[in-house]
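Read through the structure below, which is laid out as structure tokens, and then see the notes.
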Amino acid sequence: MSKVALITGASSGIGRATAILLSQQGFKVYAGTRDTSKFVTDSDNLQVILLDITDNQSIQAAIHSIYKAHGRIDVLVNNAGYALVSTVEEATEQEMLDQFNVNVFSIFRLCKAVTPVMRENSAGVIINVSSFLGKIGLPLFSFYNSTKYAVEGITDSLRYELSPFNIRVHSIMPGFFSTNFAKDNLVTNSSVNSDSTPYSELVDRLIPNILEQINDGNDANSAAQLVLKIIEDESSPARATVGDKASKFIPMRRELSDEDFERRVREYYNLNG
Ligand SMILES: NC(=O)c1ccc[n+]([C@@H]2O[C@H](COP(=O)([O-])OP(=O)(O)OC[C@H]3O[C@@H](n4cnc5c(N)ncnc54)[C@H](OP(=O)(O)O)[C@@H]3O)[C@@H](O)[C@H]2O)c1
């Protein structure tokens, strides 16, 4: 029997590559997106499904229709996410809430909705797409990075809660990947974008560097391959890295003291000004 997978934020980048790869491997894939016109496919194994991850009714409708068709959901990939680019001082209340709503609370919503279905089948795999920035602080990315730290915390906690039901929980920490992320999903606060920001020197130094690193980043297919490997290998570790920046920084993070690690990040991103 084919395994059934639901992927969030699947219209582009890592989500899309994962949807395509899993469908080619024989999974019945539901590619969740806010805009179904963005992902057209004629594959029998791949169905694009309307899903607003900030809306419980939309989540319930999607899960219900998948359950009705297959009576099971074997895999959930919580992939959707965006980055608020802002200093803490300049962010609006709404921007802060939106960032955590999409990147963190939606993972809780999806896990909450899919858990009863997975428990019924005494099996399941949940993979949360975090980031190497889930272990690293960066200025202008306090909100985004802290959402990814939270994703790591969700993964670690949920593993205990769901293992008695044979449901595995993992996170993947990509480095920078050349997807639509830099173009579509770096959402910059308007004050930070203006010439009058007191942080202009930092913005001018860091943002072009980050944009370049994302655009020159790894290919989304390698992240998709990692997702497939985690699904297939029951002994997969709780978290795994993929991409150059993740394999550079994550081992360094483990080995160095907080102070030494901060020094290296400051040097690498020219943050000593
Ligand atoms: N690219 C990188 O360098 C990088 C590095 C580390 C981690 N990541 C993480 O990888 C995941 C996928 O990103 P990507 O690189 O593949 O970028 P992408 O090509 O821009 O895709 C991002 C996806 O997230 C969804 N999304 C964005 N904002 C949303 C919102 N407000 N509400 C609901 N869904 C939203 C979109 O889904 P729709 O289909 O609904 O439009 C889109 O398909 C994200 O969680 C990101 O944080 C990316």
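First residue of the sequence shown? That's 21 in our numbering, and the numbers climb one at a time after it. C-beta atoms are modelled at their ideal positions from N, C-alpha and C, and glycine is treated no differently. Note that the structure is predicted; figures quoted are calculated from it, not measured.
Taking the DSSP output, what are the residues bridged to Pro-194?
Val-262
Coil, strand or helix - Asn-121 by DSSP:
helix
Alpha carbons only, please: which of Ile-27, Ile-187 and Lys-249 is nearest the one belonging to Val-137?
Ile-187
Hey, which unbroken runs of the beta strand (DSSP E) at 3 residues or more fall wholly within the segment 201-236?
Entirely contained in the segment 201-236, the beta strand (DSSP E) runs reaching 3 residues are, in chain order, 206-208.
Given a cut-off of 7 Å, decide if Ser-267 and Thr-261 are closer than it, judged by their beta-carbon atoms.
Taking 7 Å as the Cβ cut-off, Thr-261 and Ser-267 qualify as a contacting pair.
Per DSSP, what kind of secondary structure is Asn-165 in: helix, strand or coil?
helix
Sorry if obvious, but does the Cβ on Asn-99 come closer than 6 Å to a heavy atom of ligand 2?
No copy of ligand 2 appears in this structure; the ligands present are ligand 1.
Do you know offhand how far Gly-195's Cα is from Asn-238's?
Their Cα atoms are separated by approximately 8 Å.
According to DSSP, is Lys-48 helix, strand or coil?
strand
Measuring alpha carbon to alpha carbon, tell me which residue in Pro-218, Ser-177 and Val-95 is nearest Glu-252.
Val-95
Between the CA atoms of Ile-270 and Phe-152 - distance to the nearest angstrom:
7 Å
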